[in-house]
Structures are given as C-alpha cells and as structure tokens.
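Number of protein chains: 2
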Amino acid sequence: MNNEVLSQGAHRILEVAAHLFARQGYAGVSINDIAAEVGVSKANVFHHFASKEALYLAVIDAACDEFKTELECLKNHERDVALGLKQVACQHLMRLLSNPDPARLVLREVFKGESGIDSSQVAKILHRNFALLVEQIERGQVSGQFRRDTDPAMVAVTLIAQNIFFFQSWEILRQFPEFQNLDCAERLSAAAFDSLSKGLFAK
Amino acid sequence: MNNEVLSQGAHRILEVAAHLFARQGYAGVSINDIAAEVGVSKANVFHHFASKEALYLAVIDAACDEFKTELECLKNHERDVALGLKQVACQHLMRLLSNPDPARLVLREVFKGESGIDSSQVAKILHRNFALLVEQIERGQVSGQFRRDTDPAMVAVTLIAQNIFFFQSWEILRQFPEFQNLDCAERLSAAAFDSLSKGLFAK
DNA sequence: TTGTTTACTGACCGATCGTTCGGTTGGTAT
DNA sequence: ATACCAACCGAACGATCGGTCAGTAAACAA
Numbered sequence: 011m012n013n014e015v016l017s018q019g020a021h022r023i024l025e026v027a028a029h030l031f032a033r034q035g036y037a038g039v040s041i042n043d044i045a046a047e048v049g050v051s052k053a054n055v056f057h058h059f060a061s062k063e064a065l066y067l068a069v070i071d072a073a074c075d076e077f078k079t080e081l082e083c084l085k086n087h088e089r090d091v092a093l094g095l096k097q098v099a100c101q102h103l104m105r106l107l108s109n110p111d112p113a114r115l116v117l118r119e120v121f122k123g124e125s126g127i128d129s130s131q132v133a134k135i136l137h138r139n140f141a142l143l144v145e146q147i148e149r150g151q152v153s154g155q156f157r158r159d160t161d162p163a164m165v166a167v168t169l170i171a172q173n174i175f176f177f178q179s180w181e182i183l184r185q186f187p188e189f190q191n192l193d194c195a196e197r198l199s200a201a202a203f204d205s206l207s208k209g210l211f212a213k
Numbered sequence: 011m012n013n014e015v016l017s018q019g020a021h022r023i024l025e026v027a028a029h030l031f032a033r034q035g036y037a038g039v040s041i042n043d044i045a046a047e048v049g050v051s052k053a054n055v056f057h058h059f060a061s062k063e064a065l066y067l068a069v070i071d072a073a074c075d076e077f078k079t080e081l082e083c084l085k086n087h088e089r090d091v092a093l094g095l096k097q098v099a100c101q102h103l104m105r106l107l108s109n110p111d112p113a114r115l116v117l118r119e120v121f122k123g124e125s126g127i128d129s130s131q132v133a134k135i136l137h138r139n140f141a142l143l144v145e146q147i148e149r150g151q152v153s154g155q156f157r158r159d160t161d162p163a164m165v166a167v168t169l170i171a172q173n174i175f176f177f178q179s180w181e182i183l184r185q186f187p188e189f190q191n192l193d194c195a196e197r198l199s200a201a202a203f204d205s206l207s208k209g210l211f212a213k
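So the protein sequences, as listed, match chains A and B. The numbering of the first sequence is our numbering, which starts it at 11 and goes up by one. The numbering of the second sequence is our numbering, which starts it at 11 and goes up by one.
As structure tokens, this is what we get:
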C-alpha cells in the first residue's frame, strides 16, 4: 500500500501517532500530544505530514499493511485441518494481544461503518482472509473430519468473533471467576475452539 | 442508578448527547454540537449539566440503565432450553440493531479498559447476565439436551461474542457474498446458533 | 403586589486547537 | 565558495474549545 520511504523522523512520528490514535481515537489526540511524545516541535509534524488528517490516513494505511501481513503469515500447512485451524486461531489471538495497536486502529474504522476512509478496501482485505478460513473448513469437510451440514462461513465468522471479542474485552473477561483459570491466551483459545468443535447438543 | 428527575429540556439534551457521543465518542463531540442539534444555547447545556464530563457521565449512566433493563427483559421461561437460548440470542441481536446507542456507549467504555468511569460496576452488570446465560446452559446439561463435556461459560461467551461481533461489523459483514442471503437479523442469528449447537466435528 | 426560582440567552473568557510563516541549522552537490 | 534542501524551531494566526456571567422572561408563592 504505502511504498514511500519515510525519513527517520517521520517514522518516529508515525509510530507515536499510531500508538496514541489507537488508544484515544482521532479526536482524542492533538498534534501537540504527538509532538511532545516524540520530542519535536509541533511545526515539525506538519513538515512531515501535510495535515492531521493526512497523518491519520498514513497511520491507518500502515496499520492496514501490518494487519494484512499478520493475517497472511498465519497460513499454515498442517496436515490435520482441525489442528491447523486451532493453531491459527491461537496464534491470531496471541498476535492481537501482543501487538494491539494496528488491530485497534483498523477495527475502529471498520466498526464505525459510515464508509469513511477506504472501508471497501479494508473489507476486501478482511474478506480475502475470511475466505481463506472458509476454504480450510471446507477442506475439513471434504476430508470427512468436519460434519458437512454446518455452514463453513458461519463457523469462520464465529471463530473470528471469538478472537475479536476476547481481544476487546480481555480486561473485563479476566475478572470473571469463570475465566480465572484461563488467564493465558493459549488455554483460552484452546478451550474456545474445543467448545466450538464439539458443539452444544448431545448426540 | 440515576433516580433524579430531569426537566424536559435536560432530557432532550441528554438524548441528543447520547446519540452524538455514541457515534463520535467523548472527544469527538463538542458542547456546541449538542446545543446546536437540540436547538438551544451552549450556556443552557451548562445550566442543566455542571460540565461536559458530568453530561457524559449522565449519558453513560442512562445507557447502563437501558442496557441493563434490555438484558433483563430477555429472561425467558421457554420449556425447551435450546429454543429459549436461541430466542434470547435472536432478540438480543435485534435489540442491539434497532437501538444501537446504549450498546455503543457501554461497549466503548468497557472495551477501552483503563478502568475509567465505573468499569467495575459495568462489569458486575455484565457478569450477572452472563451468569444467567451460563445457568440456562447448565440447565440444558442436567436435562440431557446439551452434552456435559462442554464448558458452559465458553458457550455463553461465544454466544455473546457472535452477537457483539454481528452488531459491530454489520455493515461490513453484509457486504460479504457468504452472508448476502442472511440479510435479516433473525436468519443470521438462527444460523449462528445452529452452527454453534451442532458443532464442527463429525461424529 | 412583590420576591424567588427556573429556564434560557448573548457576550465574553483563557486555553487549546490545527495550521502557517519566517528563519536557522547541517549536509550535499556543483 | 556557492547554491540548494530537508529537517527543524519559535512565534503567531484565526477558529473553536469548555466554561462563566450578567441579565431577561415566565411561572409561582407570599
């Protein structure tokens, strides 16, 4: 997406801006905040970026790149489809938790709706990786490991919903007594996948 | 929570402020915006509410009340536990979509973490209703309708995660070709519950 | 009738907002 | 030496921010 080469100063500004925008949103961060955090003058920020909105767009752009590459390197070639799916879900959650800023930025734009920014472009990225997930589930269906009468798209979206919800409500969820023995992402993710794969109904 | 009696003017301000704060967040809305939308002077807003923060707290307070009562009136006494659970999930999603502002306000505060506002109090409300959900699932387990080797808390949180994710990403999700025949909340919710209850694995 | 309270306003305040400007560096190519 | 340029700065711009204040009109109690 963004192939421009950024100077060292501009890169620092972009980094700090991404972190602040991710936590406090566009309106919640002033150029002064960013400049002070970086340790440069406010005017210098405008030397590197034409406006606050341009800086924000650059931040979102970089976040989309990171988001995309993080999703793409989840591709796995595990023989066992179920095991592969489980690993992908776990890795995805752990990445979200260890590097939350890009996800926060992208999710804020996506959930806002209003088709601001390049929402259709973000939707394409998300859908491509969503389709990849669906494809793996279908592979499990033709191999006979997964039952054939479940909608692969619905399973995929539930898998994603679990991870996104865990990511967003981590601080709240960990306060619930039901989850206090699941305080690490691996165990939580494993339990979630097991529950999803076994299903609710008795046979 | 909030037992004060509000004058008509104050109530209008609260309503408009809730709607604007829900869409644009605290920093994204100015007192001028609210006053202009209501059709009163900016000073009048400060006549009814001591400060912007006090107004926001009143908005969150009212949203918590609405959120709580909406969750509570989901209590159902359906004989069939699975059918009851399915109905509750569907009703919940439809309420979210038809009246999104309180949910947006509460979710924004909850997901922010930082334990701002009365996050522990919100956590209590959420957990009480979460426990209610878990309880129903356990009822299904002792009745033999649900299998006993799934974690009820995990099923409950997955049910919630589905609904929250559908609610948040409704505009994006409906663009996916996989969901274009599920354009109404009832069918989407039903499909999600079926997928969750049947499970992924073949027997 | 007078006094009090409530709802509301326009004018105004200091602070901060995003943004611009003139000017100063240090390095690099000619 | 000269010219140029990206990188940086302090100071200031008009606009808007949250918030205050004196005053007005209506309602109500005495």
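Cβ coordinates follow ideal geometry from the N, Cα and C atoms, glycine included. Please read all numbers here as calculations on a predicted model, not as lab measurements.
Residue-level contact by beta carbon holds for GLU181 (chain B) and chain A, with a gap shorter than 7 Å. Closest in C-alpha terms to ASN139 (chain A), from the list A:ALA99, A:GLU25, A:ASP161 and A:ASP159, comes A:ALA99.
As a beta-bridge residue in DSSP terms, PHE211 (chain A) pairs with B:PHE156.
Residues of the same chain with a CB within less than 6 Å of the CB of ARG149 (chain A), apart from the 5 flanking positions on each side, are VAL91 in chain order.
Below the 9 Å Cβ cutoff, chain A contributes LYS208, GLY209, LEU210, PHE211, ALA212 and LYS213 as neighbours of ARG157 (chain B), in chain order. Taking each of A:GLU196, A:ALA72, A:ALA32 and A:LEU81 in turn and checking the Cα distance to HIS21 (chain A), the smallest one comes out for A:ALA72.
In the three-state reduction of the DSSP assignment, TYR66 (chain A) falls in the helix class. Interface criterion not met: the Cβ of GLY94 (chain A) is under 7 Å from no Cβ in chain B. The Cβ of ASP161 (chain B) sits closer than 7 Å to at least one Cβ of chain A. Taken atom to atom, the span from the alpha-carbon of LYS134 (chain A) to that of LEU183 (chain B) is near 11 Å. The beta carbons of HIS102 (chain B) and LEU84 (chain B) sit closer together than 7 Å.
For GLY49 (chain B), there are no neighbours in chain A by C-beta distance under 7 Å, as the nearest C-beta there is about 24 Å away.
When secondary structure is reduced to three states using DSSP, ARG89 (chain A) falls in the coil class, being assigned neither helix nor strand.
A Cβ of chain B is located within less than 7 Å of the beta carbon of PHE121 (chain A).
Nearest neighbour of SER179 (chain B) by Cα position, chosen from A:PHE177, A:ALA171 and A:ALA27, turns out to be A:ALA171. For a cut-off of 8 Å, the C-beta gap from SER207 (chain A) to VAL165 (chain B) is around 12 Å, too long to register as a contact. If you ignore the 5 residues before and after LYS78 (chain B), its C-beta comes within less than 6 Å of the C-beta of ILE135, all in its own chain and listed in chain order.
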